[in-house]
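Everything in the sequence shown is counted per this note's numbering, starting at 40 for the first residue and increasing by one.
Every residue gets a Cβ at the ideal spot worked out from N, C-alpha and C, and that includes glycine.
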Amino acid sequence: MPLFINDSNIKIKSINKSILKRTLIRTMKYLNIEKRHIDITFVDNVKIKELNTKYRNIKESTDVLSFLVDGHDNALLGDVFISLDYARKNCSINHNSLSKEVKILSIHAILHLIGYNHVSKEEEKEMFKIQNELYEKFK
40 MPLFINDSNI KIKSINKSIL KRTLIRTMKY LNIEKRHIDI TFVDNVKIKE
90 LNTKYRNIKE STDVLSFLVD GHDNALLGDV FISLDYARKN CSINHNSLSK
140 EVKILSIHAI LHLIGYNHVS KEEEKEMFKI QNELYEKFK
């Protein structure tokens, strides 16, 4: 199975995990990474801030953290952490349902794992364009 969704710490009642999984597996196939494995863990703002501080030395919460596992021979592509607290905040800003927001954040995280970033405005524009296209294609 190329995708594992861990919500054992935070129960997500308003998200259909099988639909989320289907969307992300289709995205992975489209990006030619379906043979790789991604672990997605849903956390709260406290946990994501802890991870962001530890691994990026940024002492604040964020929506998504993606950690690439080095080595192409390894089946595991990476670990993803998504803050549901942050996703809920994004819902009101972006006028999205939590389900849509989590799908978008998950696609965003996958793009980070395959090398996309948004440090510059050009990178941000390209990454968000691809992210939105993938969401629309596989939602």
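(1) Starting from the N-terminal side, write out each stretch of the alpha helix (DSSP H) that is 4 residues or longer and does not extend beyond the stretch 49 to 92.
(2) Pick from D102, I169 and N96: whose alpha carbon is nearest that of V119?
(3) Going along the chain, which residues of its own chain have a beta-carbon closer than 6 Å to the beta-carbon of D124, five neighbours each way excluded?
(4) Grouping DSSP H, G and I as helix and E and B as strand, with all else coil, what is I97?
(5) Hey, quick one: how far does the beta strand (DSSP E) through S122 stretch, first residue to last?
(6) Taking the alpha-carbon positions, what's the I153 to N55 distance?
(7) Tell me, which residues are paired with N129 by DSSP?
(8) Starting from the Cα of N135, find the closest Cα among Y174, F106 and L115 and give me that residue.
In this structure, then:
(1) 56 to 69
(2) D102
(3) D83 and N84
(4) coil
(5) L115 to S122
(6) 25 Å
(7) Beta-bridge pairing links N129 to no other residue.
(8) Y174
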